[in-house]
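In my numbering, the protein residues as written are -4 to 214.
Here a beta-carbon is modelled for each residue, glycine too, at the ideal position from N, C-alpha and C.
The next block holds one structure in the form of structure tokens; read it before the comments.
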Ligand code: GAR
């Protein structure tokens, strides 16, 4: 039985660049119709990654768009946006996708693109979240799910989860502990967004479809 027979499962397109454990958590959650979302396609910016194999094992369609196959970054971005659009997503999830999406992508899906980052924003943006946190010497770090904007890990925050830094952590052990929290955060937040809807007002992301200040919900 679907969670809400009046609301079809939200269509997720997930983009990955690596091992895809966050993708796997979404694939596993979506096997329950009550979850309210299904992964309809998985895209990547490179071949031969475990993330694509996870999708294929789950019977989910995949596509690859490599930057080096295009004249420039803008052409890649536009083609990636078209490949995603072909699957008619309600929400696009960047789950370990190690490229910044650009103007074409955001004009197609702006406000509906989520990214998961392995640090507590606004601390430690960029590609080295766990390493930067370790080097800085923080005692608590974590993960952040946010709505992608034109900046680097700067968009409105959907959810965060804190993780202790242990005295004997190295980058790998810390990142693995963060990823465990990240998978739980991602599955919970995306499920709520799918089942309840969500609105973005400035920097505030709210579950549900009622906008404050009299504005209309997205989509
Ligand atoms: C996750 O920790 C994700 O936050 C991070 O890559 C990992 C992917 O793991 N993404 C970034 O750092 C993006 N800037 P996974 O492939 O096992 O899901």
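Task: C-alpha gap between residue 199 and residue 47, whole angstroms - done: Locating residue 199 in the chain shown gives position 204, counting from the first residue. Locating residue 47 in the chain shown gives position 52, counting from the first residue. Whole-angstrom Cα-Cα distance: 33 Å.
- [ ] Could you tell me how far apart the beta carbons of residue 68 and residue 41 are, in whole angstroms, since I believe they sit closer than 8 Å?
- [x] Against the chain shown, residue 68 aligns to sequence position 73. Against the chain shown, residue 41 aligns to sequence position 46. About 15 Å separates the two Cβ atoms, so there is no contact after all.
Open item on the list: Please state the DSSP three-state secondary structure of residue 214.
Closed with: Here residue 214 refers to the residue found at position 219 of the chain shown. Only weak support exists for where residue 214 lies, its pLDDT of 44 falling under 50; the coordinates are left without a value.
TODO: Give a single yes or no on whether residue 90 has its beta carbon closer than 6 Å to a heavy atom of ligand 1.
DONE: For the purposes of this step, residue 90 is taken as residue 95 along the chain shown, with counting starting at 1. Indeed, a heavy atom of ligand 1 lies less than 6 Å from the Cβ.
TODO: Classify residue 149 as helix, strand or coil using the three-state DSSP reduction.
DONE: By one-based count along the chain shown, residue 149 stands at place 154. Residue 149: coil per DSSP, three-state reduction.
Open item on the list: Need the endpoints of the alpha helix (DSSP H) that residue 17 sits in, please.
Closed with: For the purposes of this step, residue 17 is taken as residue 22 along the chain shown, with counting starting at 1. Under the DSSP assignment, residue 17 falls in the alpha helix (DSSP H) whose first and last residues are 16 to 24.
- [ ] Output the boundary residues of the alpha helix (DSSP H) element that contains residue 170.
- [x] One-based indexing of the chain shown puts residue 170 at position 175. First-last of the alpha helix (DSSP H) with residue 170: 166 to 191.
Open item on the list: With a threshold of 7 Å on Cβ separation, who are the neighbours of residue 133 within its own chain once the five nearest residues in sequence on each side are excluded?
Closed with: Translated into the one-based positions of the chain shown, residue 133 becomes position 138. Excluding sequence neighbours, residue 133 sits near 160.
Task: Neighbourhood of residue 115 by C-beta distance below 7 Å, restricted to the same chain and skipping five residues each side - done: Position 120 of the chain shown holds residue 115. Contacts found: 136, 137, 139, 155 and 157.
TODO: Give every residue of the same chain whose Cβ lies closer than 6 Å to the Cβ of residue 144, excluding the five residues on either side of it in the sequence, and list them in chain order.
DONE: Residue 144 sits at position 149 when you count from the first residue of the chain shown. Shown here for residue 144: same chain residues with a beta carbon closer than 6 Å to its own, the five before and five after excluded, namely 150 in chain order.
TODO: Might you give, ordered along the chain, the residues of its own chain that have their beta carbon closer than 6 Å to the beta carbon of residue 24, omitting 5 neighbours on each side?
DONE: Stepping through the chain shown from its first residue, residue 24 is reached at position 29. Excluding its 5 nearest sequence neighbours in each direction, residue 24 has C-beta neighbours in its own chain below 6 Å: 30 and 182, listed in chain order.
Open item on the list: Taking 6 Å as the cut-off, is the beta-carbon of residue 43 closer than that to any non-hydrogen atom of ligand 1?
Closed with: Walking along the chain shown from the start, residue 43 turns up at place 48. The answer is no for residue 43.
Open item on the list: Using a Cβ distance threshold of 8 Å, determine whether the region 82 to 93 contacts the region -1 to 14, with at least three qualifying pairs required.
Closed with: The answer is yes - the region -1 to 14 touches the region 82 to 93, with three or more Cβ pairs under 8 Å.
TODO: Could you give the DSSP three-state label for residue 198: helix, strand or coil?
DONE: For this step, residue 198 is matched to residue 203 along the chain shown. In this structure, residue 198 counts as coil in the three-state DSSP scheme.
Open item on the list: Can you find the residues in the same chain that come closer than 8 Å, C-beta to C-beta, to residue 94, ignoring five residues on each side of it along the sequence?
Closed with: Taking the first residue of the chain shown as 1, we reach residue 94 at position 99. Within the same chain, residue 94 has close Cβ partners 12, 40 and 62.
Task: For residue 143, three-class secondary structure by DSSP - done: As a first step, residue 143 must be located in the chain shown, where it is residue number 148. Residue state for residue 143 is assigned as coil, using DSSP reduced to three classes.
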